[in-house]
Amino acid sequence: MNPVSQKFTLNPATQIILKDLGLSPQDVLRRARLPLDLFSHPTPQISTAEYFRLWQELETLLSSDPVFPLRVGQSISVESFSPPIFACFCSENGNLAFKRLAQYKPLIGPLRLEVTATDKQTTIALRELPGKPPLPAALIAAELVFFVHMIRLATREHIVPLAITTTLPLPATEQFTEFFGIPINIGEFNGVVFAAVDVQKPFLTSNVGMWSIFEPELNQQMKHLGVQARFRDRVRACLMEVLASGQCSMADVAQRLNISTRTLQRRLREEETSFQQELSALRAELANHYLVNTPYSSAEISFLLGYNDPSSFFRAFHIWTGNTPDGIREMSRLS
């Protein structure tokens, strides 16, 4: 997938955020030369140029409110955001969440993240796409606020980063400094640095499991699994909790079940199945459910199912069904 030419899915809460900022969504769309019916689409999407125009108009309209990126960056919650960001909250800790976000970023914005982790710290750097204009200052500020807000929300701890760096001074520096808890440095990149101990703290949000939000009935089914349940059902229940985080390998599941991978394989063989069979069956079932019952794009669904890139999902889906995701969705609409 080419992040330069693709469309980006707007956060479902964008319209609410605009209203909370005191703006008319229709006025913002008009000034940014975007379709006036954009928010009526099940999955509103915009191009790179449109994305930048939207942020530039926000900067113009809110020039008297230089701290508005603070409100935008803190507007994301566990319940109200796009599936890719939800997958980050399903991660076990900040390190995994930021790495997941770096994989997902091409879905939700025309920028890329570079995540560098050492034994002492983790650096998340914001980069513009090659050949594209510099990122708007308000966008940079909102992203940095979101990174800090996300890790605080997920751990329920007031984590203070080791460093915040921007290439240009942020307006209303005092208010941003108060939020971050440290002064903002001027440097050669835009990014945030967290202590290793902080990004390794467990995300409490991972315990809710993606299905408690997206699939209450499946979550309920999982809760009712007792000690007499088939082992394959326990594996499936575990997979439903970890798929979105991307940590869904045999070793990941075995660790969560507190058994060895060899024992996991043996017990599945006793029930005449395998880990790969159970993983593929669950992914196929959920893929069909999302394609038929939700407006999520095929790329978003691929990440919810634990794939690192949409092309892997498309190949697997063709093996399962002999069709494409869009083909199945279209057949559902016509039936």
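Throughout the sequence shown, residue numbering follows our numbering, covering 8 to 342 in sequence. Ideal placement from N, C-alpha and C gives every residue a C-beta, glycine not left out.
So A203 packs on Q110, CB below 8 Å; how close in whole Å?
About 21 Å separates the two Cβ atoms, so there is no contact after all.
CA nearest to the CA of I166, picked from P113, R237, F201, I335
F201
For A124, which three-state DSSP category applies?
A124 carries a strand assignment under DSSP once its states are collapsed to helix, strand and coil.
Buried or exposed by the 16-neighbour rule on C-beta atoms within 10 Å, applied to T4:
Because the chain here runs from 8 to 342, residue 4 falls outside it and cannot be looked at.
With 8 Å as the threshold, decide whether the Cβ of N330 is near any Cβ in chain B.
The chain inventory of the structure shown lacks chain B, comprising one protein chain alone.
Given A94, which residues of its chain have a CB within under 8 Å of its CB, disregarding the five upstream and five downstream residues?
R107, Y111, M217, A251, S252, G253, F310, L311
If I measure Cβ to Cβ from R40 and keep anything under 7 Å in the same chain, skipping five residues before and after, which residues do I get?
Spatial neighbours of R40 in its own chain (CB-CB distance under 7 Å, excluding positions within 5 residues in sequence) are listed in chain order as R60.
Contained alpha helix (DSSP H) runs [length at least 4] in the stretch 265-339, N- to C-terminal order
268-277, 282-300, 305-311, 317-328
Alpha carbon to alpha carbon, how far is N330 from S287? Give it in angstroms, no decimals.
16 Å
Would you kindly report the start and end of the unbroken beta strand (DSSP E) that includes A170?
170-173
Could you tell me how far apart the beta carbons of A170 and N192 are, in whole angstroms, since I believe they sit closer than 8 Å?
Yes, they are in contact, since the Cβ atoms of A170 and N192 sit about 6 Å apart, within 8 Å.
Sub-8 Å separation of I189 and F154 beta-carbons:
no
Taking DSSP as the reference, what is the three-state secondary structure of T50?
coil
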